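Quick notes on the structure that follows.
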Amino acid sequence: MPELPEVETTRRGIAPHLKGQRVTKVIVRQPMLRWPVPHDLAQLLTGQVITDVTRRGKYLLLQTAKGTLILHLGMSGSLRIINPQTAPEKHDHVDIVVGKNKCLRLRDPRRFGAVLWTGDEPVQHELLRKLGPEPLSDEFTAEYLFDRSRKRKQSIKQFIMDSHIVVGVGNIYANEALFLAGIRPGTAAGRLTRNRVEQLAQHIREVLEAAIKQGGTTLRDFTASDGKPGYFQQQLYVYGRGSEACRICNTPIKLMRQGQRATYYCPQCQR
DNA sequence: AGAGGTACCTGGCAGC
DNA sequence: TGCTGCCAGGTACCTC
């Protein structure tokens, strides 16, 4: 999926087109996403004014006076603002038309994404309630990460990718942050010293901020809402670079598997 | 409670 | 050209 920077880039792209706009039409072509799209979504949303477009972790939240539309892009989802006349393509599952001629269109070939509705405070929603802190907020401190990691035998990479620990760190940025912090991805989380956890927390923040600034990483199925590619790809140190020379020391980057996910690291720079 | 594996789904690509 | 197998940004849910 889009990881946090891609979701945030998407949010920034679509928000100006949606904020303050009234929903005039909702079209659901494929209701079977990760969970079924609410059957009465059109009824719930039509006529509502979108008051704000926010984000919690990788969930996008379209707020209205009546409730909140919760969107998740899964592995392959993307959102764009188009003219509602534009013919839908194969995997264009949901349209939310606002005003007279703007449409938020969700495309998601793999259908791991979600479109849900809640009438309550979105943070109270079952899926959002137990999420860890935002990595770019003041809540995400080295102290917090250190405390949570104590006695955990799980690898540090899987630990930072757990959204109940911290949200938004997906496979790309987990690999990158561990490289920048000089930590082997397979190290047990509980065995890292306070100092190293501090380094890691700092690099998680930095890599996500840098990626957001560059508009995310261009991936197979991801394009920002304006269709422009992200530029972060060009500065990945390890992700997707198996057998290639480390940009720092020239040692070949290693590829291994952790929890059926690809892990890349430099055996020289990461100890 | 924590750790590990499975499942959901489609498309692209390498190899034969 | 066509088939098969593997890979891909996520994460809830199940079992041990």
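In this text, residue positions in the first sequence follow my numbering: the first is 80, and each later residue adds one. Heads up, the beta-carbon is just placed ideally off N, CA and C, and yes, glycines get one too. Model, not experiment: these values are computed from the prediction.
Does the stretch 123-142 come close enough to the stretch 223-241 that 3 or more CB-CB pairs lie under 8 Å? no
Identify whether residue 147 lies in helix, strand or coil by the three-state DSSP scheme. For the purposes of this step, residue 147 is taken as the residue at position 68 of the first sequence. The answer is strand: DSSP assigns residue 147 an E or B state.
Should the stretch 250-265 be called in touch with the stretch 217-228, which here means at least 3 C-beta pairs below 8 Å? no
For residue 154 and residue 189, believed in contact at Cβ under 8 Å, the rounded distance: The residue labelled residue 189 in the question sits at position 110 within the first sequence. The residue labelled residue 154 in the question sits at position 75 within the first sequence. Right, the Cβ-Cβ distance comes to about 5 Å (below 8 Å), so this counts as a contact.
Alpha-carbon to alpha-carbon, residue 109 and residue 215: The residue labelled residue 215 in the question sits at position 136 within the first sequence. The residue labelled residue 109 in the question sits at position 30 within the first sequence. Approximately 34 Å between the Cα atoms of the pair.
Using 8 Å as the cut-off, can you tell me whether the stretch 82-89 makes contact with the stretch 274-294, which would need three or more C-beta pairs spanning the two stretches below that distance? These segments touch.
I need the DSSP call for residue 260, collapsed to helix, strand or coil. Within the first sequence, residue 260 is the residue found at index 181, counting from 1. Residue state, collapsed to three classes: helix.
Judging by CA-CA distance, which residue of 224, 210, 97 and 157 is the nearest neighbour of residue 128? Walking along the first sequence from the start, residue 128 turns up at place 49. The residue with the shortest Cα to Cα distance from residue 128 is 97.
Using CA atoms only, rank isn't needed, just tell me which of 111, 146 and 336 is closest to residue 171. On the first sequence, residue 171 is found 92 positions in, with the first residue counted as 1. Ranking 111, 146 and 336 by Cα distance to residue 171 puts 111 first.
8 Å contact criterion, which residue 337 and residue 261 should meet: CB distance rounded: Taking the first sequence and counting its residues from 1, the one referred to as residue 337 is at position 258. Taking the first sequence and counting its residues from 1, the one referred to as residue 261 is at position 182. Taking the Cβ atoms as the reference, residue 337 lies roughly 18 Å from residue 261, outside the contact range of under 8 Å.
So for residue 175, helix, strand or coil by DSSP? As a working note, residue 175 is residue 96 in the first sequence. If DSSP states are grouped into helix, strand and coil, residue 175 belongs with the strands.
For residue 160, which of helix, strand or coil comes out of DSSP? Locating residue 160 in the first sequence gives position 81, counting from the first residue. Residue 160: strand per DSSP, three-state reduction.
Let me confirm a value: residue 149 is counted as buried when at least 16 other C-beta atoms fall within 10 Å, else exposed. Which label applies? Numbered from its first residue, the first sequence carries residue 149 at position 70. Label assigned to residue 149: buried.
Residue 235 lies in the alpha helix (DSSP H); which residues open and close that run? Mapped onto the first sequence, residue 235 falls at position 156. Unbroken alpha helix (DSSP H) run through residue 235: 235-239.
For residue 181, which beta-bridge partners are listed by DSSP? Residue mapping note: residue 181 aligns to position 102 of the first sequence, counting from 1. DSSP, once it has assigned bridges, lists 177 as partnering residue 181.
CB residue 344 to CB residue 318, shorter than 7 Å? Reading the first sequence from its first residue, position 265 is the one you call residue 344. Reading the first sequence from its first residue, position 239 is the one you call residue 318. Not closer than 7 Å, so no.
Excluding sequence positions up to five away, which residues of its chain have a Cβ less than 7 Å from the Cβ of residue 340? What you label residue 340 is simply residue 261 of the first sequence in a count that begins at 1. Hits under 7 Å: 250.
Rounded to the nearest angstrom, what separates residue 300 and residue 168 at their Cα positions? Indexing the first sequence from 1 puts residue 300 at position 221. Indexing the first sequence from 1 puts residue 168 at position 89. The predicted model places residue 300 with a pLDDT of 42, which falls under 50 and marks its position as unreliable, so this point remains unresolved.
Does the distance from the C-beta atom of residue 248 to that of residue 239 stay below 7 Å? Position 169 of the first sequence, counted from the first residue, corresponds to residue 248. Position 160 of the first sequence, counted from the first residue, corresponds to residue 239. Contact: yes.
Decide if residue 151 is buried, meaning its Cβ has at least 16 other Cβ atoms within 10 Å, or exposed. Here residue 151 is taken as the residue at index 72 of the first sequence, counted from 1. So residue 151 counts as buried.
Put residue 344 into one of helix, strand or coil per three-state DSSP. Residue numbering aside, residue 344 sits at position 265 when the first sequence is read from its first letter. Strand, per DSSP.
Quick check on DSSP: helix, strand or coil for residue 353? Residue 353 is absent from the model: the chain starts at 80 and stops at 350.
Grab me the residues of residue 350's own chain with a C-beta within less than 8 Å of its C-beta, minus the 5 sequence neighbours each way, in chain order. Position 271 of the first sequence, counted from the start, is the residue given in the question as residue 350. Taken in chain order, the residues that qualify are 261, 262 and 263.
Starting from the C-beta of residue 156, find all residues in its chain whose C-beta is less than 6 Å away, skip the five residues before and the five after it, and write them out in chain order. Indexing the first sequence from 1 puts residue 156 at position 77. Hits under 6 Å: 187 and 192.
CB-CB under 6 Å to residue 106, same chain, minus the five flanking residues each way: which ones, in chain order? Taking the first residue of the first sequence as 1, we reach residue 106 at position 27. Only 174 meet the Cβ criterion.
CB-CB under 6 Å to residue 209, same chain, minus the five flanking residues each way: which ones, in chain order? For this step, residue 209 is matched to residue 130 along the first sequence. 243, listed in sequence order.
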